[in-house]
Amino acid sequence: MNELKIVCLSDTHSKFVDVQNGDVLIHCGDFTNWGHEQEIKDFISWLKAQPHKYKIVVPGNHDVILDIEKYPFLKKKFHRYSNYNPDQLLQDLKECCHLLINSSVTIEGFKFWGSPYTLEYCDWAFQIQGSSQQFWEQIEEGSDVIITHGPPFYYGDKTNYGLRVGDRYLAEKVKKIRPKLHVFGGIHEAYGVYEEEGGYRDDNCIKFVNCSIMDHQFKIQNKPYVYHLKQDQ
Ligand SMILES: [Mn+2]
Numbered sequence: 001m002n003e004l005k006i007v008c009l010s011d012t013h014s015k016f017v018d019v020q021n022g023d024v025l026i027h028c029g030d031f032t033n034w035g036h037e038q039e040i041k042d043f044i045s046w047l048k049a050q051p052h053k054y055k056i057v058v059p060g061n062h063d064v065i066l067d068i069e070k071y072p073f074l075k076k077k078f079h080r081y082s083n084y085n086p087d088q089l090l091q092d093l094k095e096c097c098h099l100l101i102n103s104s105v106t107i108e109g110f111k112f113w114g115s116p117y118t119l120e121y122c123d124w125a126f127q128i129q130g131s132s133q134q135f136w137e138q139i140e141e142g143s144d145v146i147i148t149h150g151p152p153f154y155y156g157d158k159t160n161y162g163l164r165v166g167d168r169y170l171a172e173k174v175k176k177i178r179p180k181l182h183v184f185g186g187i188h189e190a191y192g193v194y195e196e197e198g199g200y201r202d203d204n205c206i207k208f209v210n211c212s213i214m215d216h217q218f219k220i221q222n223k224p225y226v227y228h229l230k231q232d233q
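For the sequence shown, UniProt numbering puts the final residue at 233, and the numbers step up evenly by one.
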């Protein structure tokens, strides 16, 4: 029976943590603070040094240089005095991982689908324009693991102010697709493992995991999350 040990983390913001070995390393985005060229290069060096056989990366709203479409606008806002080459950086990153931007990869029979996009918030990178209901229709059927930067509504989405800021249409779609695991970050203070409510059998429930390594003050506070992905019996 196929089994993959998956190690997940998110929101490292240019800090580098020790990660235990496994088959698949997943980063759910915000590996930089401001998406500067050097920050991406440092992340690539760290990624290359990890021993995992497979590496999957989804960017976050802070990793602005990787949002190629929006970068002409974001450059003026964040990198006004720099002259980076986003295409080259994107290429370099793709050479050392599976970079998922509304796309999937199948590894040893398991399908992983990932997206950096989140609801609009202060005009950062990778923001959903218009209806998120329509946007999430593109999540692929048969995904075993869904990776997003932001949380779905109700699971791992509560801010320190008590507000739930997750995406309700993302939650709805994930529950329709029924992956085994949905990992994300984005809301640092909501780190944790959340079981789907209303499931009638333990092994049929979706596990929602916010794996933000940093707390809301950007201090490293949490451990990567380890999950054993198995084929259905
Ligand atoms: Mn973050």
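For every residue, glycine included, the Cβ atom is placed at its ideal position computed from N, Cα and C.
Sequence-distant residues of the same chain with beta carbon closer than 7 Å to residue i, five excluded per side
i, result
"residue 157", "151, 164, 165, 166, 187 and 190"
"residue 74", "64, 67 and 125"
"residue 174", "146, 152, 182 and 206"
"residue 99", "57 and 93"
"residue 178", "206"
"residue 47", "55, 96 and 97"
"residue 138", "102"
Selected residue, minimal CA-CA separation from residue i, among the options
i, options, result
"residue 57", "64, 39, 42 and 8", "8"
"residue 25", "10, 192 and 87", "10"
"residue 196", "220, 143, 231 and 154", "154"
"residue 214", "208, 222 and 207", "222"
"residue 148", "162, 117, 123 and 160", "117"
"residue 204", "84, 159 and 230", "230"
"residue 169", "160, 142, 194 and 132", "132"
"residue 15", "219, 232 and 227", "219"
"residue 176", "143, 185, 30 and 69", "143"
"residue 106", "145, 70, 76 and 180", "145"
"residue 13", "180, 34 and 88", "34"
"residue 62", "32, 211, 159 and 71", "32"
"residue 159", "70, 212, 71 and 97", "212"
"residue 172", "135, 89, 86 and 3", "135"
"residue 5", "87, 110 and 95", "110"
"residue 79", "18, 185 and 39", "39"
"residue 76", "91, 123, 185 and 98", "123"
"residue 216", "161, 44 and 46", "161"
"residue 88", "185, 44 and 137", "44"
Spatial neighbours of residue i in its chain, beta-carbon cut-off 6 Å, leaving aside the 5 residues before and after
i, result
"residue 127", "120"
"residue 140", "104 and 113"
"residue 209", "183, 193 and 225"
"residue 59", "29, 66 and 116"
"residue 237", "Here the chain has residues from 1 to 233 only, and residue 237 is not among them."
"residue 2", "108, 109 and 231"
"residue 82", "none"
Beta-bridge pairing of residue i - partner residues as DSSP gives them
i, result
"residue 92", "DSSP, once it has assigned bridges, lists no residue as partnering residue 92."
"residue 113", "104 and 146"
"residue 3", "230"
"residue 192", "210"
"residue 27", "9 and 57"
"residue 234", "Residue 234 lies beyond the stretch modelled for the chain, which goes from 1 to 233, so this question has no answer here."
"residue 80", "DSSP, once it has assigned bridges, lists no residue as partnering residue 80."
Cβ-heavy atom distance, residue i to ligand 3, below 7 Å
i, result
"residue 109", "No copy of ligand 3 appears in this structure; the ligands present are ligand 1."
Contacts around residue i, its chain only, beta-carbon distance under 8 Å, and the 5 residues preceding and following it disregarded
i, result
"residue 42", "14 and 16"
"residue 20", "7, 224 and 226"
Task: For ligand 1, residues whose Cβ lies under 5 Å from any non-hydrogen atom - done: 11 and 30
- [ ] Could you tell me whether the stretch 17-24 touches the stretch 43-56, using the rule of 3 or more Cβ pairs below 8 Å?
- [x] yes
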